[in-house]
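These notes are about the structure you will find just below.
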Amino acid sequence: MRHEIEVELINEQGMHTRPAKLFVETAVKFTAEIEVSYDGLSANGKSIMGLLGLLAYRGCRLVISATGEDAKPAVEALSGLVNSGFNE
Amino acid sequence: MSIRNVYLFGQGVVPGIVIGRAHLIQGANQYAWTQRHIPPEECAIEIDRLHQAVETSWQQLEDIKEQLAGDSKDPGHILEAHQMMLRDQDLQSSFEKIIVSERINAEWAVLRTLGAWEERFLRIENEYIRERFSDLRFICTRLLRTLSGQSPNEVIAPPPDAVIIATELSPADTILLGRNAVAGLITVRGGKTSHTVIIAKAFEIPTVVGVSRAFEHVGEGDLVVLNGHKGEIIVNPDAKLVSVYRTQSHRMIAKDQALLEKCHLPGETADGTPVRVLANLDFADEIVKAKGHGAEGIGLYRTEFLFMVHEKDIADEQVHFQDVKELLERWPGGGPVTLRTFDLGGDKFPLTSQLAREANPALGQRSLRLALAHPHIFKAQLRGFLRAYSLFPDIDLRIMFPLVSSVREFQTAREILCECYRELSIEGHEIPDTFKIGAMLELPAALLIADMLSRECQFFSIGSNDLIQYSLAVDRGNEKVAHMYRGLHPGILRMIQHAIRAANDAGIDISLCGDLATEPIPALIMLGLGLRNFSMPPVFIPYAKDFLRTVQLAEIEELTTHAMTLPCADDIEAFMRASLGNRLQDTFWSEISEK
Chain Z
1 MRHEIEVELI NEQGMHTRPA KLFVETAVKF TAEIEVSYDG LSANGKSIMG
51 LLGLLAYRGC RLVISATGED AKPAVEALSG LVNSGFNE
Chain A
89 MSIRNVYLFG QGVVPGIVIG RAHLIQGANQ YAWTQRHIPP EECAIEIDRL
139 HQAVETSWQQ LEDIKEQLAG DSKDPGHILE AHQMMLRDQD LQSSFEKIIV
189 SERINAEWAV LRTLGAWEER FLRIENEYIR ERFSDLRFIC TRLLRTLSGQ
239 SPNEVIAPPP DAVIIATELS PADTILLGRN AVAGLITVRG GKTSHTVIIA
289 KAFEIPTVVG VSRAFEHVGE GDLVVLNGHK GEIIVNPDAK LVSVYRTQSH
339 RMIAKDQALL EKCHLPGETA DGTPVRVLAN LDFADEIVKA KGHGAEGIGL
389 YRTEFLFMVH EKDIADEQVH FQDVKELLER WPGGGPVTLR TFDLGGDKFP
439 LTSQLAREAN PALGQRSLRL ALAHPHIFKA QLRGFLRAYS LFPDIDLRIM
489 FPLVSSVREF QTAREILCEC YRELSIEGHE IPDTFKIGAM LELPAALLIA
539 DMLSRECQFF SIGSNDLIQY SLAVDRGNEK VAHMYRGLHP GILRMIQHAI
589 RAANDAGIDI SLCGDLATEP IPALIMLGLG LRNFSMPPVF IPYAKDFLRT
639 VQLAEIEELT THAMTLPCAD DIEAFMRASL GNRLQDTFWS EISEK
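Chains Z and A, in that order, give the protein sequences. The first sequence begins at 1 in the numbering used here and counts up one residue at a time. The second sequence begins at 89 in the numbering used here and counts up one residue at a time.
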């Protein structure tokens, strides 16, 4: 199973340390493999350094894709987190 | 014997005045870490060392986190993020790859990885992203300390009441320092939004950042005065300065109360010369504070925040009408209310922020230029102003254009305002024609043609911040040149003198509304040059009024005449300090900050 969604970073700080941490904390709850891509780069959605390394700021559009049994709920949870602005 | 009274400047980010002994903390790049090549068979050993260091460092952060438990200040999530970074698989595998492929020891691998990331992050022109890199540097520094067998608590264990000097501080270090009751923090790197500043604020540790020359001028154990209001550091102050600063922090608290009680007396000098002390405001509801602090009018009402809040509907005059109506209905009358049309940089302007960036925004299409380029937004604001005014016709309303550069430009802006007035009259609004239209003088060329502008304008307001920046070509946010930002530069004073004379000759009001109005020495010189209106954040007003009552106009005029003959800002400041003596030391006017 594979699911994919495009989201926009709406929080002021973009993929800063705290948002990246929240993203990883959510991602590791799922067994699916998670990949986040932006601007030709892609990162392991369960690696904080990978996410920070995307250098994505406010307004950037990210593609979150998940492969595995729980891909659908994983993509839903992660896109929900991004769309909430990481509760900032 | 060390040199006395060395002044250093930075950005004050957490207010407060402290005195303590300097304690220097070195960062990742300052230590001579052992860097060596290794034979292939040792790669496994180095990888193992690295893994152990990761776990030890992880545990150190865990211990700090536990110490924090039960503390209401909760920066724990930052520490958790650092722990996550330490154990990150991507990071670990890049360490391992470098150890194996380049045959280098663990310390070197950490430094190499840090360098590679640094290159990547620093290409980006986004403050948040750049600061993100410091998180990686913090964990790498911690790893290096652990690899070299140092206990981190030993590294940063400062003597009590120390003033910490560091290139930068990790949040974890800042927390430990806060718990060790350090007196203050000074860092070489800047950045108001870093995690470290947030923690320093939570612990209320007075902090100055961006002090680029700190390590050159401060030695271990040097006595240091840190002024977190002004972003000022004095290294090895003499006994006199120490006693001044020591008493200052105690007396500030008591004096605050005493001054508030008499802040409603009219502003005047000791000989009874009236001096109007006005308020600078950013929001309509601040008018309560302005009244409470004895403001005799609003010298500057900024509208920039409104633009940021109402990004989408900023061309709607109703937004502007509502905002100004809220301001005017709370103003008890008496004294002017000065509205400034929007003073935004192109990068902050809703319509243009998506467009190509200007190479040099400070010299680009900003402020009034932007307004004239977008007349429908400019008119929405002006119409909103006038409609609100029609409800409160007795108020002494003034409309001011920022960054005026020429007579023609002022006339163009005024014509648009008059057009709005005519349109509204035809639409049936009854608007008195007694409001005044004026210019903000903040470009050197505008001050030099103040006599010509005075025939067109009904009042002037000097914006000292931009004036100094443009005249001296100094960005005061740039730590390398911030010390050259001097309002007492004779060139600045001469331009202001010319403008004050022109206004007084023409019989129009002139006020000063930049930061210069909040500093006692420059403000006194302005008084001596003939200025009678000062506008400042409300919290300064009681102090300014109190200080003005200690000086005689004739005396200040005499001092100013001499000051204007001196060639350098330092000479002028020294002369004024010497002449005013204790009166200046007794005032805390410039030492207070927004509460």
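Cβ atoms here follow ideal geometry from the backbone N, Cα and C, with glycine treated the same way.
Within 10 angstroms of the beta-carbon of Glu-190(A) lie fewer than 16 other beta-carbons, which makes it exposed. The beta-bridge partner set that DSSP reports for Lys-524(A) consists of Arg-486(A). In terms of beta-carbon proximity, Thr-17(Z) lines the interface with chain A, with at least one pair separated by less than 9 Å. Taking a Cβ-Cβ threshold of 7 Å, the residues of chain A close to Gly-50(Z) are Asp-178, in chain order. Against Ser-47(Z), the close residues of chain A are Asp-176, Gln-177, Asp-178, in the order they occur along the chain (beta-carbon pairs closer than 7 Å). Neighbours of Glu-168(A) across chain Z, judged by C-beta separation under 7 Å: Lys-21.
The segment 21 to 38 of chain Z makes contact with the segment 61 to 72 of chain Z: 3 or more CB pairs, one atom from each, lie closer than 8 Å.
With 16 or more neighbouring CB atoms inside 10 Å of its own CB, Asn-315(A) falls in the buried class.
Fully enclosed alpha helix (DSSP H) runs of no fewer than 4 residues occupy 164 to 174, 177 to 190 of the segment 132 to 193 of chain A, in order along the chain. Between Pro-354(A) and Arg-620(A), the C-beta spacing is not below 9 Å. Considered as a whole, the segment 588 to 642 of chain A harbours 608 to 616, 629 to 636 as its complete alpha helix (DSSP H) runs of no fewer than 4 residues, in chain order.
A direct Cα-to-Cα measurement between Phe-86(Z) and Leu-22(Z) gives close to 7 Å. Within the same chain, Glu-405, His-408, Phe-409, Cys-508, Glu-511, Leu-512 come within 8 Å of Arg-471(A) by CB-CB distance, once the 5 residues on both sides are set aside.
Take the alpha-carbon of Ala-43(Z) and the one of Glu-88(Z): they are about 23 Å apart.
Taking the Cα positions, Ala-501(A) is about 27 Å away from Leu-604(A). With distances taken between CA atoms, Ala-642(A) lies nearest to Asp-359(A) out of Leu-366(A), Asp-359(A), Asn-553(A), Gly-421(A). DSSP places Asn-553(A) in no beta strand (DSSP E) but in the uninterrupted alpha helix (DSSP H) bounded by 552 to 560. Annotation for Leu-512(A): the continuous alpha helix (DSSP H) segment containing it runs 495 to 514. With respect to the C-alpha of Ala-383(A), the residue from Leu-96(A), Gly-575(A), Trp-196(A), Gly-421(A) having the closest C-alpha is Gly-421(A). Runs of the alpha helix (DSSP H) lying entirely within the segment 401 to 468 of chain A, each at least 4 residues long, are 405 to 418, 456 to 461 in chain order. Annotation: the continuous alpha helix (DSSP H) that includes Val-24(Z) extends over 17 to 27. A direct Cα-to-Cα measurement between Ala-346(A) and Tyr-333(A) gives close to 20 Å. Looking at the backbone, the Cα of Asn-566(A) and that of Cys-131(A) are separated by about 44 Å. The C-alpha of Thr-262(A) lies about 11 Å from the C-alpha of Gly-272(A). By the CB criterion at 9 Å, Gly-98(A) and Ile-402(A) fall outside the cutoff.
Apart from the 5 residues on each side of it in sequence, Lys-153(A) sits with its Cβ closer than 6 Å to the Cβ of Gly-164, Leu-167 in its chain, given in chain order. Closest in C-alpha terms to Pro-19(Z), from the list Glu-76(Z), Ser-47(Z), Thr-67(Z), Asp-39(Z), comes Ser-47(Z). According to the DSSP assignment, Asn-368(A) belongs to the beta strand (DSSP E) that extends over 364 to 369.
Ile-227(A) has its alpha-carbon roughly 8 Å from the corresponding atom of Ser-145(A). For Met-172(A), the nearest CB of chain Z lies under 9 Å from its own CB, placing it at the interface with that chain. Listed in chain order, the positions of the segment 23 to 45 of chain Z with a beta carbon within less than 7 Å of a beta carbon of chain A are Val-24, Asn-44.
For Trp-205(A), the nearest CB of chain Z lies under 9 Å from its own CB, placing it at the interface with that chain. The beta carbons of Gln-585(A) and Leu-617(A) sit closer together than 9 Å. Chain A places a beta carbon closer than 9 Å to that of Leu-55(Z), counting this residue as a contact. The beta-carbon distance between Ala-561(A) and Leu-541(A), rounded to whole angstroms, is 23 Å. This is too long to meet the 8 Å contact definition. Using a Cβ-Cβ cut-off of 9 Å, Arg-364(A) does not count as an interface residue toward chain Z, since no Cβ of chain Z sits closer than that to its own.
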